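Just so you know, we're using UniProt numbering here: the sequence shown kicks off at 1 and counts up by one. Idealized CB from N, CA, C, for every residue including glycine. For clarity, every value in this text was computed on a predicted model and none was experimentally measured. Working notes, structure below.
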Amino acid sequence: MGPSSERLRSLSGRIFTSVLVFTLGIVLVFAVALTSIFYYSYECDAEQALSEAASRAASYLDDAPASDVTTLLSQQFSGVTRYTLISENGLVLYDSQANADQMDNHASRPEVSQAARTGGAVSMRYSDTLGTDTVYAAEKLSDGRIVRLSETRHSLFAFLGEMLLPVAVALVVAAGLVFLLSRILTKHIMKPIDALDMAEPLENEIYEEMVPLLQRIDDQQTLLKKQNKELAEAESMRRDFSSNVSHEMKTPLQVISGYAELMKNDMVLPGDRQKFAGLIYDEAQAMRGLINDVLTLSKLDESAFTREDLPINVRGVADRMDDRLSSFASDRDVSVKVEGDSAFIRGSETLAEEMLYNLIENGIRYNREGGTVSVRVSRRPAQAVDVVAFREEGAEGVIRELVEVRVSDTGPGVPENMREKIFERFFRLDKSRSKETGGTGLGLAIVKHAVQYHHGVIAVEGKLGEGTTFVLMFPGA
Numbered sequence: 001m002g003p004s005s006e007r008l009r010s011l012s013g014r015i016f017t018s019v020l021v022f023t024l025g026i027v028l029v030f031a032v033a034l035t036s037i038f039y040y041s042y043e044c045d046a047e048q049a050l051s052e053a054a055s056r057a058a059s060y061l062d063d064a065p066a067s068d069v070t071t072l073l074s075q076q077f078s079g080v081t082r083y084t085l086i087s088e089n090g091l092v093l094y095d096s097q098a099n100a101d102q103m104d105n106h107a108s109r110p111e112v113s114q115a116a117r118t119g120g121a122v123s124m125r126y127s128d129t130l131g132t133d134t135v136y137a138a139e140k141l142s143d144g145r146i147v148r149l150s151e152t153r154h155s156l157f158a159f160l161g162e163m164l165l166p167v168a169v170a171l172v173v174a175a176g177l178v179f180l181l182s183r184i185l186t187k188h189i190m191k192p193i194d195a196l197d198m199a200e201p202l203e204n205e206i207y208e209e210m211v212p213l214l215q216r217i218d219d220q221q222t223l224l225k226k227q228n229k230e231l232a233e234a235e236s237m238r239r240d241f242s243s244n245v246s247h248e249m250k251t252p253l254q255v256i257s258g259y260a261e262l263m264k265n266d267m268v269l270p271g272d273r274q275k276f277a278g279l280i281y282d283e284a285q286a287m288r289g290l291i292n293d294v295l296t297l298s299k300l301d302e303s304a305f306t307r308e309d310l311p312i313n314v315r316g317v318a319d320r321m322d323d324r325l326s327s328f329a330s331d332r333d334v335s336v337k338v339e340g341d342s343a344f345i346r347g348s349e350t351l352a353e354e355m356l357y358n359l360i361e362n363g364i365r366y367n368r369e370g371g372t373v374s375v376r377v378s379r380r381p382a383q384a385v386d387v388v389a390f391r392e393e394g395a396e397g398v399i400r401e402l403v404e405v406r407v408s409d410t411g412p413g414v415p416e417n418m419r420e421k422i423f424e425r426f427f428r429l430d431k432s433r434s435k436e437t438g439g440t441g442l443g444l445a446i447v448k449h450a451v452q453y454h455h456g457v458i459a460v461e462g463k464l465g466e467g468t469t470f471v472l473m474f475p476g477a
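Next up, the structure:
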């Protein structure tokens with residue numbers, strides 16, 4: 001099932017909405033900010049103009065007789081601006097817009113008290129008399145009285161309220177323009193995204209921010225292709241393996257069946273019965289060995305071997321395998337020699353035995369008469385380059401020491417171009433020779449798997465005609 005509709009979001013829709021909301025928000029903020037700036041600029045200019053008017057009025061009244069000041073105020077100074085004449089003790093002598101007799105003492109008013117001290121003052125406050133925000137400018141006359149001019153001003157909120165309609169109209173117009181711009185911008189932004197070629201993610205001309213995503217897609221596609229290739233190879237290997245197993249088992253079964261049929265029909269001379277029974281036994285043992293190797297490889301392929309982390313004395317394992325194969329070596333006229341000190345790795349002792357058994361047996365089986373097989377176990381400190389190599393093989397923890405195992409024989413050797421192929425299943429350098437020696441063709445495949453199980457590496461050395469040396473390297477325990 002795909003993601004629910006509640007979780008699905010349109011990228012183009014989000015871009016469009018974000019651009020629209022952001023732009024309208026910016027327009028609104030700028031409208032309020034510019035209106036406020038205009039308002040405060042206008043107020044500053046108005047206060048300056050009112051202060052200058054108060055200075056001119058005071059200068060004019062100072063030149064007139066004191067008894068004529070009230071008359072001059074009523075006759076010469078009228079209009080929108082409010083004029084108030086206040087005595088030295090704060091008593092209102094005249095007001096152009098209110099009854100002076102009913103007004104409170106103004107001595108405590110900020111602009112009045114400051115003008116009395118400094119000669120002039122400007123202030124803005126809420127007027128209890130008129131119930132509005134009012135700007136006051138007061139100047140002190142030469143006789144100590146105060147002339148005060150005042151004008152009613154819109155408050156900022158009232159000013160913004162009056163500007164609401166033009167701002168709203170501007171926002172509507174801006175919204176329309178932003179809507180069109182957002183649609184165009186969204187299409188422009190989405191164009192390279194809509195044109196993405198997911199088959200070749202890194203070949204697209206796209207935004208830098210999307211490169212990590214496309215890199216991940218490309219990595220996943222590469223991984224999937226690799227996995228599909230590995231699956232195809234594994235399937236091919238499985239078919240080849242099944243075919244080879246069937247082929248390898250067919251010959252001994254035919255031999256066993258043929259000899260058994262002759263013995264059943266009493267067509268074998270009494271003196272040959274033991275010979276035929278021995279042949280049947282040998283073929284049965286070959287089948288048994290083949291089946292055991294097939295089962296071991298199947299377990300390794302399917303990771304059926306439980307991951308073990310036990311300390312294994314490699315020298316001890318080599319000694320035991322030497323003892324186990326002593327009879328086989330004697331029959332082949334091959335001597336086996338194990339050298340070196342105790343050296344420990346961690347893993348499965350069963351697989352370690354399989355690994356060394358197959359290598360020593362292989363050295364005996366494909367050797368010359370009178371030949372030798374030598375096994376040398378040694379240790380050495382780990383170098384940085386070694387640690388990197390073993391990390392790639394899955395080794396964990398601190399690697400301070402390496403364990404090296406060299407299994408050498410005096411056989412015909414392995415050509416350089418075949419040194420990788422000998423680890424393939426059922427691969428034989430000389431099939432006729434392998435049939436004679438009784439090899440299953442699976443021993444080295446098991447060895448390679450066992451080495452990998454222990455996070456080790458394996459290499460083949462030697463010269464053609466001078467023998468073969470298998471070099472195994474493991475992280476030391």
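- Shown here, residue 204 sits in coil according to DSSP, grouped into three states, outside any helix or strand.
- The Cβ neighbour count for residue 362, taken over all protein chains shown within 10 Å, is at least 16; the residue is labelled buried.
- Residue 367 is positioned such that its CB atom lies closer than 8 Å to that of residue 373.
- A straight-line Cα-Cα distance of about 15 Å links residue 295 and residue 448.
- Linking residue 371 to residue 289 through their CA atoms gives a straight-line distance of about 24 Å.
- Rounded to whole angstroms, the separation of the alpha carbons of residue 393 and residue 384 is 15 Å.
- With contacts defined by Cβ atoms closer than 8 Å, residue 111 and residue 100 do not form a contacting pair.
- Residue 186 counts as buried, since at least 16 other C-beta atoms from the protein chains shown sit within 10 angstroms of its C-beta.
- Residue state for residue 344 is assigned as strand, using DSSP reduced to three classes.
- Under DSSP, residue 470 takes part in a beta bridge, and its partners are 407, 460.
- Annotated three-state conformation of residue 386 is helix, per DSSP.
- In summary, residue 30 is exposed, with fewer than 16 beta-carbon neighbours lying within 10 Å of its beta-carbon over all protein chains present.
- Using a 10 angstroms sphere on the CB of residue 198, the tally of other CB atoms stays under 16, which defines it as exposed.
- Going by DSSP, residue 136 is part of no alpha helix (DSSP H) but of the beta strand (DSSP E) stretching over 133–140.
- Residue 472 has its alpha-carbon roughly 18 Å from the corresponding atom of residue 418.
- About 5 Å separates the CB atoms of residue 462 and residue 413; that is less than 8 Å, so the two are in contact.
- Excluding sequence positions up to five before and after residue 144, its CB lies within less than 6 Å of the CB of 88, all in the same chain and listed in chain order.
- Residue 311: member of the beta strand (DSSP E) spanning 310–313, first to last residue.
- The shortest C-alpha to C-alpha distance from residue 455 to any of 386, 41, 258, 193 is the one to 386.
- Note on geometry: alpha-carbon atoms of residue 134 and residue 37 lie some 19 Å from one another.
- Taking a C-beta distance under 8 Å as the contact criterion, residue 314 and residue 345 qualify as a contact pair.
- Membership of residue 453 in the alpha helix (DSSP H) is indicated by the continuous run 443–453.
- Counting other Cβ atoms within 10 Å of its Cβ, residue 139 reaches 16 or more and is therefore classed as buried.
- By the Cβ test, the region 46–66 is not in contact with the region 208–216, since fewer than three Cβ pairs between them sit closer than 8 Å.
- If you ignore the 5 residues before and after residue 476, its C-beta comes within less than 8 Å of the C-beta of 343, 344, 345, 379, 382, 399, 400, 401, 402, 403, all in its own chain and listed in chain order.
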